[in-house]
Amino acid sequence: MLDNKTILITGGTGSFGKCFTKYALTHYNPKKIIIYSRDEFKQYLMQNEFKEYESKMRYFIGDVRDKDRLKRAFEGVDYVIHAAALKQVPACEYNPNEAIKTNINGAQNVIDAALDSNVKKVVALSTDKAVNPVNLYGGTKLVSDKLFVAANAYAGNKDISFSIVRYGNVAGSRGSIIPLFNNIIKNGGTELPITDFRMTRFWISLTEGVELVIKALKEAKGGETFISKIPSFKVTDLAEAMLPGCTKKEIGIRPGEKLHEIMVTPEDSFNTYEYDKHFIVYPQVVWNDRQVPDLSGVKVEEGFSYSSGNNKEWLTVEDIRELLKNVELEK
């Protein structure tokens with residue numbers, strides 16, 4: 010799939026970009042991987058991390074807000090994975106214009122640059138927070154998702170498709186619950202704070218996120234949203250798995266936080282099909298013959314929803330404890 014292809018990752022020095030790069034280089038033989046990001050120090054660190062693959066790696070300093078720079082970077086690129094975004098909920102609330110410039114205007118710039126180049130496929134990373142958003146970050150990602158779906162209307166005769174991959178917080182990612190609990194435990198704490206004892210989350214690893222993106226690159230015809238079928242866990246069970254017998258203190262839900270991660274809403278059910286290991290939400294409008302979906306899955310029932318709270322698959326405390334052995338905390 011990725012053999013002899015040139016792949017560009019926006020925000021490529023992040024955790025996803027590094028994991029995707031490692032996965033692609035060990036499972037495929039890509040022609041080139043271009044890391045497009047605005048932090049030269051992170052690029053320097055990544056260059057050292059992937060030094061043995063330097064003949065296949067390229068590093069492009071640039072911001073998704075800069076359309077001209079994107080167009081230059083997209084020359085000769087086959088696949089684009091759009092991972093760049095402002096993601097911290099409080100930062101987006103305090104700096105709304107900056108979130109809009111990166112998450113919305115930047116998304117449109119990626120679309121325009123791809124349409125003006127010979128890019129074949131674009132996959133944009135979404136988030137559960139874009140579903141029924143309750144904070145600005147989720148709102149900007151909802152708009153971004155809509156832009157990428159609608160971008161297929163402008164493909165014309167060009168051999169290009171735009172699709173979306175959606176998942177929630179990755180286990181061990183910066184700012185998430187596992188690093189928070191880990192720091193408390195490392196410092197000798199015996200009480201773990203939980204915003205709401207009813208809270209649930211999905212469990213997904215970085216590698217699973219990468220594999221879903223590769224599935225989208227293989228199968229997408231245009232406008233689909235790919236969602237993995239993954240297990241849920243109770244945050245109280247996570248606390249017990251990390252610190253058996255700990256005291257749990259309920260501190261109240263934070264602004265912009267949800268009790269459950271939502272991936273598919275009842276409104277999405279009219280266009281959602283279930284497959285063995287994933288769901289696909291198909292676009293409501295098909296713009297050309299190349300993007301007609303095959304619909305080989307099973308259509309979900311009207312009113313179906315998929316959230317970490319109503320999931321059929323759940324992790325036990327022992328399951329979580331085993332999975333934690335393979336979690337690498339972001340630095």
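Residue numbers 10 to 340, in the working numbering, belong to the letters of the sequence shown in order. Yeah, the Cβ is synthetic: ideal placement off N, Cα and C, and Gly gets one too.
* Asked: When the Cα of residue 313 is compared with those of 332, 333, 294 and 281, which residue comes out closest?
  -> On the sequence shown, residue 313 is found 304 positions in, with the first residue counted as 1. It is 281.
* **For residue 91, the first and last residue of its enclosing beta strand (DSSP E)** => What you label residue 91 is simply residue 82 of the sequence shown in a count that begins at 1. Residues 88-91.
* Asked: Hey, which unbroken runs of the alpha helix (DSSP H) at 4 residues or more fall wholly within the stretch 23-79?
  -> 24-36 and 49-58
* Since residue 18 sits in a beta bridge, which residues does DSSP pair it with? -> Translated into the one-based positions of the sequence shown, residue 18 becomes position 9. Answer is 44 and 90, bridged to residue 18.
* **Delimiting residues of the beta strand (DSSP E) encompassing residue 134** => Sequence index remark: in the sequence shown, residue 134 carries index 125 (1-based). Membership of residue 134 in the beta strand (DSSP E) is indicated by the continuous run 130-134.
* To do: State the DSSP-derived secondary structure class of residue 187, mapped to helix, strand or coil.
  => Walking along the sequence shown from the start, residue 187 turns up at place 178. Here DSSP, grouped into helix, strand and coil, assigns residue 187 to helix.
* To do: Please classify residue 213: does DSSP put it in a helix, a strand, or coil?
  => Taking the first residue of the sequence shown as position 1, residue 213 is located at position 204. DSSP places residue 213 in coil when its eight states are reduced to three.
* Asked: Among 172, 213, 139 and 166, which has the Cα closest to the Cα of residue 158?
  -> By one-based count along the sequence shown, residue 158 stands at place 149. The residue with the shortest Cα to Cα distance from residue 158 is 172.
* **Under the three-state DSSP convention, the category residue 305 falls into** => Walking along the sequence shown from the start, residue 305 turns up at place 296. In the three-state reduction of the DSSP assignment, residue 305 falls in the coil class, being assigned neither a helical nor a strand state.
* To do: Determine the direct distance from the alpha carbon of residue 322 to that of residue 292, and round the result to whole angstroms.
  => Your numbering for residue 292 matches position 283 in the sequence shown. Your numbering for residue 322 matches position 313 in the sequence shown. Cα to Cα, the separation comes out at about 27 Å.
* Asked: Between which two residues does the alpha helix (DSSP H) containing residue 103 stretch?
  -> The residue given as residue 103 occupies position 94 in the sequence shown. Residue 103 -> alpha helix (DSSP H) spans 98-103.
* Under the three-state reduction of DSSP, which class applies to residue 171: helix, strand or coil? -> Taking the sequence shown and counting its residues from 1, the one referred to as residue 171 is at position 162. Strand, per DSSP.
* Can you name the start and end residues of the alpha helix (DSSP H) that residue 146 belongs to? -> Position 137 of the sequence shown, counted from the start, is the residue given in the question as residue 146. Residues 145-159.
* **For residue 251, the three-state DSSP class (helix, strand or coil)** => Your numbering for residue 251 matches position 242 in the sequence shown. DSSP places residue 251 in helix when its eight states are reduced to three.
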